[in-house]
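*Asks:* The opening residue of the sequence shown carries number 461 in my numbering; numbering runs sequentially from there.
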Amino acid sequence: MELDALDLALLRELQNDARQTNRALAARTGVSPSTSLERVRLLRQAGVVTGYHAAVDLDAVGRPVQALISVRIRPPARPVIEGFREWAARLPEVIGLFVTSGAHDFLIHVAVPDVDGVYAFVIDRLTERREVADVQTTMVYEHVQSRRVEPTDPDRPRSARRSR
461 MELDALDLAL
471 LRELQNDARQ
481 TNRALAARTG
491 VSPSTSLERV
501 RLLRQAGVVT
511 GYHAAVDLDA
521 VGRPVQALIS
531 VRIRPPARPV
541 IEGFREWAAR
551 LPEVIGLFVT
561 SGAHDFLIHV
571 AVPDVDGVYA
581 FVIDRLTERR
591 EVADVQTTMV
601 YEHVQSRRVE
611 PTDPDRPRSA
621 RRSR
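Structure follows, in structure tokens:
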């Protein structure tokens with residue numbers, strides 16, 4: 461899908477406040493409500509907008525301690541990697557999971573109540589898995605997260621998108 465100036469404006473506004481009414485979104489982007497509604501529908505249909513989510517304060521929900529945990533899997537076979545990925549993604553402590561290249565196969569972002577929670581996650585959860593060959597843990601002091609993603613230049617060639 462080619463994104464034009466209106467699509468980009470709608471995306472910016474939705475990322476600022478996805479709960480705003482369609483009428484407010486239309487007013488902020490300078491189009492009629494029907495145009496706004498149709499364009500957002502098309503963005504969702506094309507998979508550009510994948511959902512609307514509530515941002516949660518980790519301190520407020522009792523998970524103020526974060527860590528990034530690098531995991532190396534052996535043997536590095538597709539079924540083993542996919543099995544570990546599916547298992548790890550379901551764990552309640554996990555708030556982000558990256559399948560990576562390089563020295564480690566995964567980078568797991570966890571949020572837990574305290575440092576003992578990080579220890580328990582690594583020792584009681586990760587090392588119980590037979591395929592886990594190595595684990596390295598990095599404590600997070602501060603997580604600065606961008607709430608907006610600007611699309612790239614439309615003239616720039618895009619790589620093929622992975623499907624799941």
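Every residue gets a Cβ at the ideal spot worked out from N, C-alpha and C, and that includes glycine.
#1: Out of Thr489, Ala484, Val595 and Met461, state which residue places its alpha-carbon closest to the alpha-carbon of Ala469.
#2: Per DSSP, which one or two residues make a beta bridge with Gly556?
#3: With H, G and I counted as helix, E and B as strand and the rest as coil, what does DSSP make of Gln475?
#4: Counting only the same chain and skipping the five closest in sequence on each side, list residues whose C-beta sits under 8 Å from that of Ile541.
#5: Please report how far the alpha carbon of Val575 lies from the alpha carbon of Val525, in whole angstroms.
#6: Does Val572 pass the burial test, meaning 16 or more other C-beta atoms within 10 Å, or should it be called exposed?
#7: Taking only three categories from DSSP, how would you classify Asp505?
#8: Secondary structure at Thr481, three-state DSSP: helix, strand or coil?
#9: Using CA coordinates, which residue listed in Asn476, Arg589 and Thr587 is at the minimum distance from Leu514?
#10: Measuring CA to CA, which of Leu463, Asp467 and Glu473 is closest to Arg608?
#11: Alpha carbon to alpha carbon, how far is Leu586 from Thr510?
#12: Give the single residue among Ala563, Thr597 and Glu546 whose Cα lies nearest to the Cα of Val570.
#13: Could you give the distance in angstroms between the alpha-carbon of Leu485 and the alpha-carbon of His603?
#14: Apart from the five residues just before and just after Arg545, which ones in its own chain have a Cβ nearer than 8 Å to its Cβ?
*Replies:* The structure says:
#1: That would be Thr489, whose Cα lies nearest to the Cα of Ala469.
#2: Its beta-bridge partners are His569.
#3: In the three-state reduction of the DSSP assignment, Gln475 falls in the helix class, which pools H, G and I.
#4: Closer than 8 Å at the Cβ level, and outside the excluded window around Ile541, lie Ile533, Val559 and Asp565.
#5: Counting only the Cα atoms, Val525 lies some 7 Å from Val575.
#6: Buried, by the Cβ-count rule.
#7: Here residue 505 is Gln; the residue named in the question, Asp, does not match the sequence. The three-state reading of DSSP puts Gln505 in helix, counting H, G and I together.
#8: Reduced to three states, the DSSP call for Thr481 is coil.
#9: Sequence inspection shows Ala at residue 514; the Leu mentioned does not correspond to that position. Each of Asn476, Arg589 and Thr587 was checked against the Cα of Ala514, and the nearest Cα belongs to Asn476.
#10: Cα-wise, what sits closest to Arg608 is Glu473.
#11: The straight-line gap separating the alpha-carbon atoms of Leu586 and Thr510 is approximately 30 Å.
#12: Minimum Cα distance to Val570 is reached at Thr597.
#13: Their Cα atoms are separated by approximately 29 Å.
#14: Shown here for Arg545: same chain residues with a beta carbon closer than 8 Å to its own, the five before and five after excluded, namely Leu557, Val559 and Phe566 in chain order.
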